[in-house]
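Everything in the sequence shown is counted per this note's numbering, starting at 318 for the first residue and increasing by one.
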Amino acid sequence: MWYALLSSVLIILFSLVMYSVLKEKMRSDDEQLLAGRIAELRAILSQHASDYSRLREEIEREASTSPGIYLQVLDGKGVVIAETGGSVAKRIPDIPIRPETWTAGSGFDWIAEDGNSYRIMSSHLVLDQRFTVHAAIDRTNNEMLLADFWRLLSIVGLLVVVIAVAMSYGIARKGLRPISRLAAVMDQLDVHRLSHRVNEEPWPEELQPLAQMFDGLLSRLEVSFSRLSQFSADIAHELRTPLHILRGEAELTLTRAASVETYRASIESAADEYDRLSCMVDALLFLARSEQPDTHIDRQVLDARQEVVAVFDFYQAMADEQDITFTCLGEGTISADSALLRRALGNLVANALRHTPDGGRITVEIRPQPEHTITLIVSDTGYGIPPEDLPRVLERFYRADVARPRQGQGAGSGLGLAIVQSIMHLHGGTISIHSAIDHGTAVTLMFPSATTTG
Ligand SMILES: Nc1ncnc2c1ncn2[C@@H]1O[C@H](COP(=O)(O)OP(=O)(O)OP(=O)(O)O)[C@@H](O)[C@H]1O
Ligand SMILES: [Mg+2]
């Protein structure tokens, strides 16, 4: 619609300009012609002002050189003393002539009773008396030409407008067709076809960025989706193993006539397994909740050192058992949810305790950064994480050291670092891990300032 409107307006504008340029050109040509005749008339008049018959002769001769022009000379009393073109000249209106046009006249249009159109230019010449000279040119042909031209312009203009509308429609339709096709392709996508890509077809250049971005979105969805399915499979797997063990133990205990002690031992081991299971379910629940977009955290300004010491106190007995020393360096205030901060630090300290040999050291360094951000670095002198595992330890259920010796009892669920990561996300912060085999691991938590995260 806008294409059509724009081209129509342009065509109409173009026609108007053409028409007025032509009209103006015709007018100025006439004017020039008339001014030339007037100048001739004045020259003849000034030579033969006293000899009227000679004057008439000269004027006749002058008129014969330019057909279509009518000349008239009047004496001081307004009596016609010479004229050409007869009837037309007689009817030239008796107009008052302004002094400024005496020499360089500018003409005016006049329509005679017969409907013919003329342009007239007049002038005075003062010799022994005041003569008046008129020159008129028939403009009827010009007017007809202009009218024809206008008609032609209207017809062509109308035709062009119709063509412009039709072509705009056609072009718009053709231009939009790939979009409908793209929409149709997109419409066919669903969860089972996330591996499909729209940019395999040859889209027009303008649509390629859209197709690429859409493919990018599909890739991200595909990754998240497969991660989600993997996660569900992992959950099922992680829950199945302890349930099988529990069931196996229960059946075994039932099939043999056992003493009270055996029952007791069996139930105690089952209780441990239940604990582990319920811890895992708690952790999964925590992860699921922390992923809700509207999760609220109870942010407070905390003394970081106080929080670290509280976590150390909690693990002190275990550390003593392994002869591991805790150190807290630096201080600072931190804007965080106390319970979540302690949980994150607790997970990191528990990891460090589990992977550090007896007699090692676990350090938490509080390091205030510019712009009110603060980092907490939990480092140990333990076994370290193999470089090939490092990129994956933040994943849920990922355990790097299945074959490595473990400190403490029981295998972890592989959810600890995932929880730390989601706690950091909740705070708008980041987690990064550096590790060197047999030298130790350092986990850096970066907390942004309260003002930048709201
Ligand atoms: N300080 C560390 N030193 C060496 N390896 C570590 C350390 N922290 C984590 N890891 C490795 O990263 C893996 C993932 O850690 P994460 O805390 O997520 O799980 P987990 O400790 O096995 O189980 P959970 O914490 O749920 O009991 C661990 O299995 C371990 O191999
Ligand atoms: Mg852990």
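Positions of the beta carbon are idealized from the N, C-alpha and C atoms, including for glycine.
Item, Value
"Specify the secondary structure class of G757 as computed by DSSP and reduced to three states.", "strand"
"Out of I329, S337 and M438, point me to the one whose CA is closest to Q349's CA.", "M438"
"Can G393 and F448 be called in contact, C-beta distance under 8 Å?", "yes"
"Taking the straight line between their C-alpha atoms, what separation do you get for F548 and R573?", "38 Å"
"Report yes if the C-beta distance between S730 and S607 is below 8 Å; otherwise report no.", "no"
"Can you tell which of A636, P703 and G757 has its C-alpha closest to the C-alpha of V695?", "G757"
"Three-state secondary structure (DSSP) at W419?", "Residue confidence is low: W419 scores 49 on pLDDT, short of 50, so the model does not pin down where it sits. Its coordinate-derived value is still stated next. W419 falls in the coil class under three-state DSSP."
"Going by alpha carbons, who is nearest to L470 out of G565, V626, T579 and I329?", "I329"
"For V625, collect the residues of the same chain with a Cβ closer than 6 Å to its Cβ; drop the 5 residues on either side in sequence, then sort them by chain order.", "C645 and V681"
"For S423, would you say it is in contact with chain D, using Cβ-to-Cβ distances shorter than 8 Å as the test?", "Included in the structure is just one protein chain, with no chain D present."
"Do L601 and ligand 2 come close, with the Cβ less than 7 Å from some heavy atom?", "no"
"Pull up the distance between the alpha-carbon of W319 and that of K342, whole angstroms please.", "34 Å"
"Could you check how far apart the C-beta atoms of Y387 and A429 are, in whole angstroms? I think they sit under 8 Å.", "The Cβ separation is near 11 Å, so there is no contact."
"Helix, strand or coil, according to DSSP, for H451 in the structure here?", "strand"
"Looking at C-beta atoms only, is the number of pairs between the stretch 456 to 464 and the stretch 481 to 497 that lie closer than 8 Å three or more?", "no"
"Which residue marks the beginning of the beta strand (DSSP E) containing R684, and which one marks its end?", "R678 to P685"
"Determine whether the beta carbon atoms of D652 and S766 lie at a separation below 8 Å.", "Checking the displayed sequence, the identity of residue 652 turns out to be Ser instead of Asp. Yes, the Cβ-Cβ distance between S652 and S766 is below 8 Å."
"Are there three or more Cβ pairs, one per stretch, closer than 8 Å when the stretch 699 to 706 is compared with the stretch 606 to 620?", "no"
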